[in-house]
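The structure appears below as structure tokens.
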Amino acid sequence: MATTREVTLEETLARLAALGDEKRRAINAKNGAGENQYGVPMGEIRKLAGEIKSDHALGLALWETGNIDAQLLGILLIKPKALSAAELDAMVRAGRFGQVADWLGSYVIKHHPAKEALRAAWLEDPDPWAGRAGWGLTAERVGKDPQSLDVGALLDRIEREMAAAAPPVQWTMNSCLAAIGIHCPEARARALAIGEELGVYRDYPVSKGCTSPFAPIWINEMVRRGS
């Protein structure tokens, strides 16, 4: 019976390097990425992950390189349940690029069995990347089960802290504000008022056809769509 040959770290990095694009590197740099990147388009990373399939060991090795593209690919290969809570916590704190943090949240954190305990801890953590993950999970929970949360207390914190929050945590704190406005009709007026008062992302540039992250616009648009 034929066996599938394991893909090595060196081979994978070489393939990522070959897929690098100068335009993508410039976009990443503009968004805060460091020099440790190849600039691989997102679609190419997803395609490569589809070829390799799930490979937890390779995923971890890619993550450890610190290379942005390698970490994005690694996230798609990692098995969330094979990570300990401590390992996941360390990964969250090591992230220093928004796209990496977002993919880690979507493909790993949201599927980890300890995510609720981690969410509660990260919400109180001064590390901005831990805070980003905590507020991201809270926004998800607002969308699924807002009755299980003290929405008023969340709005109190957002009103008090969001304007001065570090950029990584401000992004998902704003997502939580929008989620409350969208999914909690009884708190919508207050969420809209907080968004207007703080003005966070009011002038954020968006591409044609995309919804602004400014919470009042975001909330009203999603409510209009019936989301």
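First residue of the sequence shown: 428, per the working numbering; consecutive thereafter.
Note that the Cβ used here is the ideal one computed from N, Cα and C, for glycine as well.
Identify whether Thr638 lies in helix, strand or coil by the three-state DSSP scheme.
Reduced to three states, the DSSP call for Thr638 is coil.
What separation, rounded to the nearest whole angstrom, lies between the Cα atoms of Asp552 and Glu438?
38 Å
Which of helix, strand or coil DSSP assigns to Ala460
coil
Best match in Ala521, Ala557, Ile472, Cys603 for proximity to Glu567 [C-alpha to C-alpha]:
Cys603
Report back the beta-carbon spacing between Ala512 and Leu545 to the nearest angstrom; my notes put them in contact at under 8 Å.
6 Å
For Asp529 and Pro595, what's the separation of their Cα atoms in angstroms?
10 Å
Measure the Cβ-Cβ separation of Leu550 and Gly532 and say whether it is below 8 Å.
no
If I follow the unbroken alpha helix (DSSP H) through Val627, where does it start and stop?
Unbroken run through Val627: none, as it is neither H nor E.
Find the nearest neighbour of Gly579 within the set Gly636, Leu500, Glu613, Val519, judged by alpha-carbon distance.
The shortest C-alpha to C-alpha distance from Gly579 to any of Gly636, Leu500, Glu613, Val519 is the one to Glu613.
Does Arg587 pass the burial test, meaning 16 or more other C-beta atoms within 10 Å, or should it be called exposed?
exposed
With a 10 Å radius around its C-beta and 16 neighbouring C-beta atoms as the bar for buried, classify Asn458 as buried or exposed.
exposed
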